[in-house]
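J.: Numbering (our numbering), first residue to last: 17 to 95.
The beta carbon of each residue, even a glycine, is placed where N, CA and C say it ideally should be.
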């Protein structure tokens, strides 16, 4: 299945692009998406980020939706 991965903030800068187009097996979990992201953009290895599917953060065992968009968001803090 095809998945578009949107990159934000420092992740976008590290990867040198705003999105990745990945091919994953149907029903692949978020943990497999993380591995595919780091193969496609090795500069992201070691970066901390959360994976969001739709408007919600995803768990590592959650299936990535086919044909959907997911977002990688770096840690955020504020005051």
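Answer with buried or exposed for residue 92, where buried requires no fewer than 16 other C-beta atoms within 10 angstroms of its C-beta.
T.: It is exposed - the Cβ of residue 92 has fewer than 16 other Cβ atoms within 10 Å.
J.: Which same chain residues, not among the five before or five after residue 53, have their C-beta less than 8 Å away from its C-beta?
T.: Cβ neighbours of residue 53 beyond the five flanking positions: 21, 36, 38, 60, 88.
J.: Closest to residue 49 by C-alpha separation, out of 25, 76, 64, would be which residue?
T.: The residue with the shortest Cα to Cα distance from residue 49 is 76.
J.: Looking at the strands, I want to know which residues DSSP matches up with residue 69.
T.: Residue 69 pairs with 72, 86.
J.: If residue 90 sits next to residue 24, beta carbons under 8 Å apart, how far is it from one beta carbon to the other, in whole angstroms?
T.: Right, their Cβ atoms sit about 7 Å apart.
J.: Considering only the alpha carbon of each residue, which of 83, 31, 26, 86 lies closest to residue 55?
T.: Of 83, 31, 26, 86, the residue nearest in Cα terms is 31.
J.: Do you know offhand how far residue 62's Cα is from residue 27's?
T.: Using only the alpha carbons, I get a separation of about 11 Å.
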